[in-house]
Structure formats: C-alpha cells, structure tokens
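Undergrad: Sequence lines, in order, name chains S and Z.
Per numbering that gives the first Met the number 0, residue 0 is the first one in the first sequence, and the count goes up by one each step.
Per numbering that gives the first Met the number 0, residue 0 is the first one in the second sequence, and the count goes up by one each step.
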Amino acid sequence: MEGLLGEIVAKYNYWIYVVLMMIGFYAMIGKRNLVKKLIGMNIFQTAIILFFVSTGVKRDAGLAIVDKELALAGAIDVATVVNPLPHVLMLTAIVVGVSVTGVALAVMQRIHREHGTLEEDEILEKIGR
Amino acid sequence: MISGNFLAYAIAAPLVMAFVVNLVGRARGYLVAPLALLSLGVSTLCSLLLLARVLREGPESYTMGGWQPPWGIELVVDPLSGLMLVLVAAIALIATWSAGASVRQEMEGREHVFFTLYLILVSGLLALTVTGDAFNLYVMLEITAITTYGLIAMGRERAALASFNYIIMGTIGACFYLLGVGYLYILTGSLNMADIGRILPELYGGAAVATAFAFMLVGMWVKMAFFPLHGWLPNAYTYAPSGTSVLIAPLMTKVSVYLMIRIMFTIFSPEYTFFQHAGVQHLIVWASALAIIVASSLALAQTEFKKMLTYIIVAEVGYMVGGVWLANEPGMTGAVLHIVNDALMTLCLFLAASAVVFRQGSCRFEDFRGLYRTMPLTMAAFTVGAFSMIGVPPTAGFFSKWYLILGGIEAGQWAYVAALVFSSLVNAVLFFRIIEIAFFNGEDEHGHGHHGAPLRHEAPGALVQPLVLTAVALIVVGLASGVLVDSIIRPALQWLQ
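1. Which chain Z residues sit within Cβ distance under 8 angstroms of M21(S)?
2. For H111(S), decide whether its Cβ has a neighbour in chain Z, counting only Cβ atoms nearer than 7 angstroms.
3. Need the endpoints of the alpha helix (DSSP H) that L74(Z) sits in, please.
4. Taking 8 angstroms as the threshold, find out whether the segment 478-489 of chain Z comes into contact with the segment 332-343 of chain Z through three or more Cβ pairs.
5. Helix, strand or coil for T62(Z)? Go by DSSP, reduced to three states.
6. Report yes if the CB atom of L502(Z) is closer than 7 angstroms to the CB atom of A213(Z), and no otherwise.
7. What does the Cβ neighbour count give for N4(Z), buried or exposed, with the cut at 16 atoms within 10 Å?
8. Determine, for L88(S), whether the minimum Cβ-Cβ distance to residues of chain Z falls below 7 angstroms.
9. Just curious, the alpha helix (DSSP H) that T143(Z) is in, first and last residue?
10. So what's G179(Z) in DSSP terms, helix, strand or just coil?
11. By a C-beta neighbour count over all protein chains shown, 10 Å radius and 16 as the cutoff for buried, is H456(Z) buried or exposed?
12. Against chain Z, does K36(S) count as a neighbour if the rule is that its beta carbon must be under 7 angstroms from one of theirs?
13. Please classify Y25(S): is it buried, with 16 or more other beta-carbons within 10 angstroms of its beta-carbon, or exposed?
14. Just how far apart, CA to CA, sit M83(Z) and W401(Z)?
15. Would P233(Z) and T309(Z) be called neighbours here (beta carbons separated by less than 7 angstroms)?
16. In this structure, does DSSP put G101(S) in helix, strand or coil?
17. Nearest to P490(Z) by alpha carbon, out of C45(Z), V53(Z), S399(Z)?
18. Our contact map puts M374(Z) next to A458(Z) with C-beta atoms below 8 angstroms; I'd like the distance itself, whole angstroms only.
19. Beta carbons nearer than 9 angstroms to chain S: which residues of the segment 217-244 of chain Z have them?
20. Ends of the alpha helix (DSSP H) at N12(S)?
21. Just reading off the alpha helix (DSSP H) that S42(Z) is part of, what are its end residues?
22. Expressed to the nearest angstrom, what Euclidean distance is found between the alpha-carbon atoms of D341(Z) and V65(S)?
23. Inspect the beta-carbon positions of T115(Z) and A17(Z) and report whether they are closer than 7 angstroms.
24. Indicate whether at least one CB of chain Z lies closer than 7 angstroms to the CB of A129(S).
25. Have a look at L117(S) and K125(S) and give me their C-alpha separation to the nearest angstrom.
26. DSSP three-state call for A455(Z): helix, strand or coil?
27. With DSSP run on the structure shown, which of helix, strand or coil describes T130(Z)?
28. List, in chain order, every chain C residue whose beta-carbon is nearer than 7 angstroms to that of V15(Z).
29. Consider the Cβ of S361(Z): report whether some Cβ of chain S lies at a distance smaller than 7 angstroms.
30. What does Y176(Z) touch in chain S if you count any residue whose Cβ is under 8 angstroms from its own?
31. Using a Cβ-Cβ cutoff of less than 8 angstroms, which residues in the same chain neighbour A92(S) once the five nearest sequence positions on both sides are dropped?
32. Buried or exposed: where does T79(S) fall if 16 or more other Cβ atoms within 10 Å of its Cβ makes it buried?
33. Looking at the strands, I want to know which residues DSSP matches up with G61(S).
34. Could you say if the segment 55-69 of chain Z and the segment 37-46 of chain Z meet the contact criterion of at least three C-beta pairs nearer than 8 angstroms?
35. Secondary structure at N191(Z), three-state DSSP: helix, strand or coil?
36. Closest to S255(Z) by C-alpha separation, out of Y117(Z), G71(Z), V221(Z), L405(Z), would be which residue?
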C-alpha cells in the first residue's frame, strides 16, 4: 500500500491529469445538458494540455533561451534548460481547442433556435424518437 | 523546379482557393463552383503526376519550409500515400462537380460559405494522406473535423444536433490520438513518424508503448466509426446537406483507415502490431466481424436510403479494419483495394441519393417509386453502384471482397469470412428491395405522358454526369483491378514492410 502511495506522490502530475481527464470524460458522456457536455470537453482537452506541458518540466531548469554559438559548441548543459517543444505543441492544441469550442457554441445556438432548449432529453422528446 | 513542388501545389491549391472563393463568392455566387473545380483540378493533376513519378523513381519527401526531417515537418509520398492522394483529389473533384448544383438548390446565397469550408476540408484531407509528422497529423485531423462539423450543421432538421454529437465524439477521438503521441514523445523525443519508427523497436515490450499504441488506435477507430464507436456517424451523414455527404461519406472514414495503416506500419512495425501482443490481433478481427454483422443488420431496419447507406459504411469500415488486421498479404491487399473501391462505391450511391433528393425532395424508399422510368440514367448508375456494393463480378466491389475473403481463409478467420458473406447477402436484399420499388411500383402515379410514353424527369446534368462517370469508373476499376494491385498496391505494401 505504501509503495502505491509513494508511486502516486512521485508522479502526482500524471495522476492529476488522469483525474481531470476522467472528470471531463464523465461530463461528456454522462451529462444530458449540452453546455455541460461542452464544458466537459474543455476539461478533457485541458487535461491533455497539462499532461503535455508536464512532460517538458525539469527540476531546477531554466528558460529555453540559449545562445546559438554556445549551444553549437556544446557548452550548454541540457539539464539546465526545460524542453520547450511540448509547450509549443500545446499552443497549437489550445488553438484547436478554442476553434472546436467556437464551432460547438455556434452549433449550440442553432440547436437552441430550432428546439428552444439545450437539454438533450427535451430535444429528443420534441423530435419524437 | 515546378515539378519538385507538385506536392505543395496539390495541397495549397484548394487552401488558397478557399480564401478567394470566400471573397469573390459574396458578390458573384455563380463563380464559386467553377473556381472550386479549377483548384481541385490542379490538385488532381499534380497528384497524378506525383504518383506516376513515385512509382517510377521511388518515394520522395518534401520538407516544409526547408527544415530537415527529424525537426521540421516532413511530407512523404510513397506509393500508398500517393495512391490515397490521387483518390482524395479525384473523388473531391467529382463530388464538387455535383455539389455546385445541389448546394445552389439547398442553400441559395450561402454557396461561398459552404465552399470555403469545403475546400479547406479537402486541403486538410490531402495533407492528412501525406504528412510524415505525428503531431501534424493531429492538427490536420482537427482541421478536417472542424470543417466537417460546420458543413454538417448546415443541413436540415436534426443536423445541428447530429453535428454536436459528432463534435463530442470527434474530439474524444482526436484527443486520444494526441495522448498517444504524447506517450511516444516522452519515450522517443521525436515526432517524425519514420524517426519514431526507427527509435521505437528498442523499447518494445514496455507498458508505455502499448498504452500509446492503444490510445492511437482507439482514437482512429472513433474517427472512422469502427463498430462500437460508430454512434455519431449515421445521423451526421444522413442530415448533412447532399453536397456535404457526397464529399465526406466517401473520404473521411477511408482516410482514417489509411491513417490506421500508417500508425500500424510506419510508426510501429508489423512485428509489434501483430506479434507483440498475440491475442489482440484475433480479438480485433472478431470485433470487425461483429461490426460487419451488426451494422448490416441495422441497415436492414432503415426506411431511408441515405441512412441505410450510413450503416453500410459502418459495415464497410469493419471490412477494411478486419482486412488489415488479418496480417497476411491478400487481406492487406484487399483492404487497400477496398479503400479505393469503397470510396468510389460510396461516392456513386451518395451521388444517386443526391440526385433523387434533388427531384423528390427526400430519399425515403417510397420516393424511389417508378424512378426507372422517370430517371433512367440515375437509376442505371445507381444499379451499378448497388451491384458493386453487393459484390457482383465485373464491378469493383467484387475484387476487393474476393481478396478479403481469400485473406480470411488463409488466416483461418472463419467468423470474418462468414460475416463478409452474410453482409453481401444483406446488401443484396437491401438493394434489390429498392430496385424492386423503383422498377415495378408507381405505374399509376408517374410516367404517363402522351401515348403512355414515360415522362423523363432526369436530375440536372451537373448531377447526372459525375454519377455516370463514377459508375463507369466502378466498372473500369473493377476490370483493371489486377493492374492496380500489381503496379501500385503491391509495391506500396512492400515499401511499408
């Protein structure tokens, strides 16, 4: 049991991402309100962004701004610099997330205009399935 | 110099034209469809030339912006991705031909909005087929997905709700894939597919590699609507506007299947995919057999033609996934050939649906009454498409199904073979039901002109011409499938291994 606890504490960032992702996943699948589904989707995406960012972290490392000459000469200790690539990738992923949210909100507006509600149950009732 | 940049032109032409169309189309709506056709013509031409060159001189890679591969984003054209590039460009070209007319009818005055999204979607699909970078693949996947959400939401009745469900499912799929990429990046420190494939074999057997593999595969399965994960597809494709479903139904799922092949063979290797976890391969073939049987049975329960087709697509996805996972040469050949054939068959049938919708307003089964008299060309092409879906010999569908069945027998996967046969029988029932309605019924309602001569009421030329072309292509591809397999698919598969 203690081994498990130690494992969790040592890699707490990964456990937090897993928990967040599960919360988002539950909201997307389990909730019947479309806005709640969308918020769940955002939590889900954010969890993955946190996961990626935490992979670039190094203890006691500094910013990834280095002198090119020094870097080419091999005079920079890699351990003192965080890996910037995951952060950069996640900038793109954030943009993707924002776009999807925007499209989803627009679609939701159309649903509301057509059916007058955002509760999935009520909409399905109105459609008469 | 020009020929060196064919790949960039093929992808950039629709992308650039999307902006042009949006700006010009606001004032001059009639220019939109011809401009879209022009840009896709350029794409098709470039990709054909590219495929010819790749077959002659071997795979080539294009470094975007001049950054060298492991760091920069690399586009790779090998025979398989070249084939997919031609397929996507050509299908999009034919679909656009008909989309112009149906879009003008269904959303007058909004053509430029529709075609802007449409062209960005095609551009994304083209880039998906050739990208050599795992993260870039995620971005392109989301570009195609976001445009598709918008295109579906433009449709009638429940389209918006279907689109919302697709947004939720599509995001789950893409995020799972991204998570898999994250694990691979932690393990290898690289995002280039070939580079990951080089580094990964030392790490095989680890739990993290297996996790990455599982996440990426499940993500792709959600995107391609592999059976238990197919829930979003039927409504989304049914309620989408005709112009949309004509493009996305043939292409989206097929490109996802191709991407699954990429993940299995380029990022991972055949040894890992098929032999590292022995039980998995059998399990997936069983799952695809189940997918085929359940989806075919669900198709039987439908009363609307388009909705029935969407369930057939789900079954066809089962064909292809199963074919790939049979892990032998005929199965693999059949799967790749079926990607081509299924794209053509689906295009043919959705074009027919779009022509029927144009004249009859919807495409429930009773709308087909007497159509053999009033729309003979449409129904002739429809019959060819239906025969191909069933697997009647001279049409394309027969040959890929033959390879798949041979592969199933060779691998001893009898459940899969039985599912294929069952699905063919179900397809025969489904399509002959429609053919019967269209041929025999409705004599007293339609078709009595002067002296009992049938009243022709064919869909406009822009809808019929691509339909007939596709039907002819189905037969030509069927007759030429030996050549196709020998000259393109076999080299492609050899290159994969």
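Glycine included, each C-beta is placed from N, C-alpha and C at the ideal position.
TA: Answer, in terms of the structure:
1. Within chain Z, no C-beta atom comes nearer than 8 angstroms to that of M21(S); the closest sits roughly 13 angstroms away.
2. Answer no: the Cβ-Cβ gap between H111(S) and chain Z never drops below 7 angstroms.
3. Premise fails: L74(Z) lies in the beta strand (DSSP E), 73-76, not in any alpha helix (DSSP H).
4. Counting Cβ pairs under 8 angstroms, three or more are found: they touch.
5. Note: T62(Z) maps to strand in three-state DSSP.
6. Chain Z is shown from 0 up to 496; residue 502(Z) falls before or after that span and cannot be answered.
7. Exposed: under 16 other Cβ atoms inside 10 Å.
8. Answer yes: the Cβ-Cβ gap between L88(S) and chain Z drops below 7 angstroms somewhere.
9. 133-152 is the span of the alpha helix (DSSP H), which, as asked, contains T143(Z).
10. Look at G179(Z) here: in three-state DSSP terms it is helix.
11. Its Cβ having fewer than 16 others within 10 Å, H456(Z) is exposed.
12. Yes, K36(S) counts as interfacial toward chain Z.
13. With fewer than 16 other Cβ atoms within 10 Å, it is exposed.
14. Taking C-alpha positions only, M83(Z) is separated from W401(Z) by approximately 21 angstroms.
15. The Cβ atoms of P233(Z) and T309(Z) sit closer than 7 angstroms to each other.
16. DSSP places G101(S) in helix when its eight states are reduced to three.
17. The option with the nearest alpha carbon to P490(Z) is V53(Z).
18. Yes, they are in contact, since the Cβ atoms of M374(Z) and A458(Z) sit about 6 angstroms apart, within 8 angstroms.
19. Answer set for the segment 217-244 of chain Z: empty.
20. Counting along the chain, the unbroken alpha helix (DSSP H) around N12(S) starts and ends at 11-29.
21. Residues 31-56.
22. For the pair D341(Z) and V65(S), the Cα-to-Cα distance works out to about 52 angstroms.
23. Yes, Cβ-Cβ distance for T115(Z) and A17(Z) is below 7 angstroms.
24. Outside the displayed range of chain S (0 to 128) lies residue 129(S), so it cannot be described from this structure.
25. CA-CA distance, L117(S) to K125(S), rounds to 12 angstroms.
26. Here residue 455(Z) is Arg; the residue named in the question, Ala, does not match the sequence. Reduced to three states, the DSSP call for R455(Z) is coil.
27. Three-state result, T130(Z): strand.
28. Absent from the structure: chain C. Protein chains present are S and Z.
29. Not one chain S Cβ lies under 7 angstroms of S361(Z).
30. Here the premise fails: no neighbours, minimum Cβ distance about 10 angstroms.
31. Once the five neighbours on either side are set aside, the close Cβ partners of A92(S) are Q44, I47, I48, F51.
32. Per the 10 Å Cβ criterion, exposed.
33. V80(S), per the DSSP bridge assignment.
34. Using a C-beta cut-off of 8 angstroms, the segment 55-69 of chain Z makes no contact with the segment 37-46 of chain Z, since fewer than three inter-stretch Cβ pairs fall below that distance.
35. Strand at N191(Z).
36. Answer by Cα proximity: V221(Z).
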